[in-house]
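Q: All you need for my numbering is the position in the sequence shown, starting with 1, plus 7. Glycine included, every Cβ here is placed at the ideal spot set by N, Cα and C. Bear in mind the structure is a predicted one, so any value in this text is a computation, not a measurement. To start, I am sharing the structure in question, which I have written as structure tokens.
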Amino acid sequence: MLQHLTIKNFAIIEDLTIDFDTGMTVLTGETGAGKSIIIDAVGLLVGGRGSTDFIRYGSDKFDLRGIFYMPDLSEEGRSMLADNDIPFDDAQLMIVRQLDINGKNTIKVNGVSMTVSMLKALGTHIVDIHGQNEHQSLMNTSNHIHLLDHFAKHEIAPKLASYQEAYVTYQTAKKQLDSQNLNEQEAAQRVDLLKFQINEIESANLQVGEDQALISERDQLQNFQKIADALGASNNLLSNADLNIIDLVGQVIGELETIRDFDTTYSDFYEQTTGTYYALQDLASSISDQVDQLHYDPNRLDDIIERLAVYKNLTRKYGDDTEAVLIYLDKAKEELKQIENRESNQQKLKDAVKKAQANALASAEDLSKSRKSATAGLVTAIEGQMQALYMEKAKFRVDMLTLDELGPYGIDDVAFMIATNLGEPFKPLVKVASGGELSRLMLAMKTIFQNASGVTAIIFDEVDTGVSGRVAQAIATKMFEIAIKAQVLCITHLPQVASMADHQLFISKDENSNRTYTNVRLLTNEERIDEVARMLTGSNITAVAKQAAAEQIEEDRQFKANLR
């Protein structure tokens with residue numbers, strides 16, 4: 008539900024803060040005061056299209072903030088939050104949206120930046136907005152199959168899951184077959200390329216680790232003189248010079264030997280020096296051997312450079328290192344084998360596709376049978392709601408056509424049809440011409456499908472336009488029934504709808520210093536009576552109108568108490 012809304016520099020609104028509650032809340036007030044602007048602001052907070060035209064004159068940006076409490080957020084909505092690392096520990100969403108005069112959007116959800124498209128996708132799980140010309144979610148034929156499935160979800164959901172598993176298997180097999188369906192010229196070209204690549208790699212006789220060993224040997228040959236000079240000098244200093252290190256250490260040993268028996272400290276010095284002496288002798292011997300083994304072969308250096316060039320060429324073509332090149336070799340051999348045996352493989356794949364298609368088709372037909380069984384119950388439910396809204400002559404129908412090919416949701420094409428008057432043909436929902444009929448039809452469907460989207464806040468923007476009298480009362484009742492399970496916000500000019508609400512916000516505008524300002528306040532019970540009376544009679548509130556308003560509000564209060 009929407010708990011809190013802050014609007015700054017948006018259209019004619021300079022700075023407005025509204026707190027919302029559960030149940031049914033109506034927004035009333037004079038035309039042009041800014042009621043629909045408030046709904047527009049909520050729409051932008053859930054991904055609506057922004058425009059610099061919304062920025063209040065004289066300001067450089069608008070700033071919208073909403074706090075939504077979503078303990079029952081759908082699994083898909085929760086996944087979107089998790090995928091974008093958006094925290095949701097307290098079941099609250101703090102959405103901020105700003106747009107500056109240069110058209111730059113700034114959007115944050117619980118402090119994490121989002122794009123407009125991401126916010127729009129998330130917004131479908133937060134708020135459902137219905138305006139006079141915005142019944143797309145229910146009127147859009149592509150959604151009807153999902154609404155039918157939700158209506159009979161206990162029977163259909165497991166069959167839909169079973170079908171979709173079979174459908175994925177079928178699509179995977181089909182994709183594998185398609186990838187094998189190369190024409191002869193393409194196959195021949197691919198075979199030639201693979202054979203060349205395989206021969207190029209195999210003829211190189213690559214060995215894992217060889218390139219690193221060659222690099223080490225190359226570095227030694229390229230620095231031969233430096234290495235020879237350093238080893239020779241080291242050998243000379245250790246043992247060959249007239250005053251060499253080993254002889255000097257030997258002299259130290261001789262001196263320490265004369266005092267070793269006087270104290271353990273001197274004895275330790277003697278032992279350490281003796282160990283160092285023998286270690287230096289071993290080191291000198293190793294360096295001397297290494298000097299004897301030094302041999303510079305310019306031909307060997309050329310061979311190494313040439314061999315490393317082979318490694319560099321192959322890793323550039325087939326992988327980052329030797330292991331990757333050898334893995335590519337294995338894959339190339341396997342692909343060559345598959346192509347050369349493609350006739351046999353293609354037949355196996357064709358058989359697999361045929362089997363998977365048959366399984367998916369059988370599952371789709373079973374799913375379709377369940378859908379057809381569910382249509383009667385849906386028709387009864389929708390027509391019952393329409394009758395409650397005084398559309399007694401209206402008839403509802405679910406048309407199901409069989410698709411030529413399997414799709415993600417089966418083989419069914421579902422479309423809701425309506426005949427609003429006796430003797431008229433059935434038409435698609437979008438063909439309903441009367442605004443009043445469309446509003447009632449939408450409410451009837453919303454009552455049945457209100458849980459399908461998982462949203463807990465539903466906004467009606469003057470959907471009661473074009474109706475009055477008993478129809479208006481029926482619409483008010485239906486809105487309240489929806490509000491029992493979800494927060495409902497409604498802009499209305501009908502006193503019947505206003506009196507049915509749990510809360511009433513009055514929107515007004517003031518003019519000051521040649522500027523217009525929008526204000527909002529929560530009406531007390533007495534103020535509600537005056538406002539409903541105004542809606543009944545116009546600007547002149549009579550005692551009779553106030554009495555009628557008070558009676559209507561009290562009657563609706565008792566009705567709601569019994570319904571809850």
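#1: To the nearest angstrom, report how far apart Ala89 and Thr35 are at their CA atoms.
#2: Can you find at least 3 beta carbon pairs, one from the stretch 31-47 and one from the stretch 102-111, that sit closer than 8 Å?
#3: Can you give the beta carbon distance from Leu574 to Met449, rounded, assuming they're within the 8 Å contact cut?
#4: What's the gap between the Cα of Phe403 and the Cα of Ser149?
#5: Run through the stretch 296-373 for me and flag every whole beta strand (DSSP E) of 3 or more residues, listed as ranges in chain order.
#6: State the DSSP-derived secondary structure class of Ala173, mapped to helix, strand or coil.
#7: What residue from Lys361, Lys68 and Asp275 has the CA that sits closest to Ala173's CA?
#8: Quick check: Glu37 and Ser515, are their CB atoms within less than 9 Å of each other?
#9: In the DSSP output, which residue or residues are listed as bridge partners for Ser120?
#10: Rounded to a whole number of angstroms, what is the C-alpha to C-alpha distance between Asp26 and Ala383?
#11: What are the boundary residues of the beta strand (DSSP E) that includes Asp79?
#12: For Lys375 versus Asp419, is the C-beta distance shorter than 9 Å?
#13: Using a threshold of 9 Å, state whether the C-beta atoms of Lys357 and Leu184 are closer than that.
#14: Assign Phe95 to one of three DSSP states: helix, strand, or coil.
#15: Who are Glu518's beta bridge partners in DSSP?
#16: Assign Ser506 to buried or exposed, taking buried as 16 or more other Cβ atoms, counted over all protein chains shown, within 10 Å of its Cβ.
#17: Identify, in the order they occur along the chain, each residue of the same chain with its Cβ nearer than 6 Å to the Cβ of Arg63, setting aside the five sequence neighbours on each side.
#18: For Ala388, which residues in the same chain have their Cβ closer than 6 Å to its Cβ, ignoring the five residues on either side in sequence?
#19: Let me check one thing: in DSSP terms, what residues is Phe403 bridge-paired to?
#20: Exposed or buried, which one is Met101 when buried takes at least 16 other CB atoms within 10 Å?
#21: By how many angstroms is the C-alpha of Arg225 removed from the C-alpha of Val259?
#22: In this structure, does DSSP put Phe467 in helix, strand or coil?
#23: Who are Gly73's beta bridge partners in DSSP?
#24: Using the C-alpha atoms, what's the distance from Leu228 back to Thr272?
#25: Buried or exposed for Gly57, please, with buried defined as at least 16 other CB atoms from any protein chain shown within 10 angstroms of its CB.
#26: Output the distance between the C-alpha atoms of Tyr524 and Glu488, rounded to the nearest integer angstrom.
#27: Which word fits Asn519, buried or exposed, when buried means at least 16 other C-beta atoms lie within 10 angstroms of its C-beta?
#28: Grouping DSSP H, G and I as helix and E and B as strand, with all else coil, what is Pro435?
#29: Excluding the five sequence neighbours on either side, which residues of its own chain have a C-beta within less than 7 Å of the C-beta of Val539, listed in chain order?
#30: To the nearest angstrom, how far is the alpha carbon of Glu141 from that of Glu533?
#31: Along the chain, which unbroken stretches of the alpha helix (DSSP H) at least 4 residues long are found entirely within the stretch 218-287?
#32: Could you have a look at His132 and say whether DSSP puts it in helix, strand or coil?
#33: Assuming Thr427 and Val439 make a contact with CB atoms under 8 Å, what is their CB distance in whole Å?
#34: When you compare each of Ala508, Ala479 and Gln480 to Ala490 by their alpha carbons, which one comes out closest?
A: The structure says:
#1: 38 Å
#2: no
#3: Examination of residue 574 is not possible in this model, given that the chain is present from 8 through 571 alone.
#4: 17 Å
#5: none
#6: helix
#7: Lys361
#8: yes
#9: Lys115
#10: 42 Å
#11: Counting along the chain, Asp79 falls outside any beta strand (DSSP E), and DSSP gives it neither H nor E.
#12: Per the sequence shown, the amino acid found at residue 375 is Ser instead of Lys. Taking 9 Å as the Cβ cut-off, Ser375 and Asp419 qualify as a contacting pair.
#13: yes
#14: coil
#15: Thr523
#16: buried
#17: Asn16
#18: Ile455
#19: Ile425
#20: exposed
#21: 42 Å
#22: strand
#23: Leu12 and Ile102
#24: 48 Å
#25: buried
#26: 34 Å
#27: exposed
#28: strand
#29: Pro502, Ala505, Ser506, Ala556, Gln559 and Ile560
#30: Interpretation of Glu141 is limited by its pLDDT of 49, a score under 50 that renders its predicted location unreliable; the figure taken from the coordinates is listed afterwards. The alpha-carbon atoms of Glu141 and Glu533 are separated by roughly 34 Å.
#31: 231-242 and 252-264
#32: coil
#33: 6 Å
#34: Ala508
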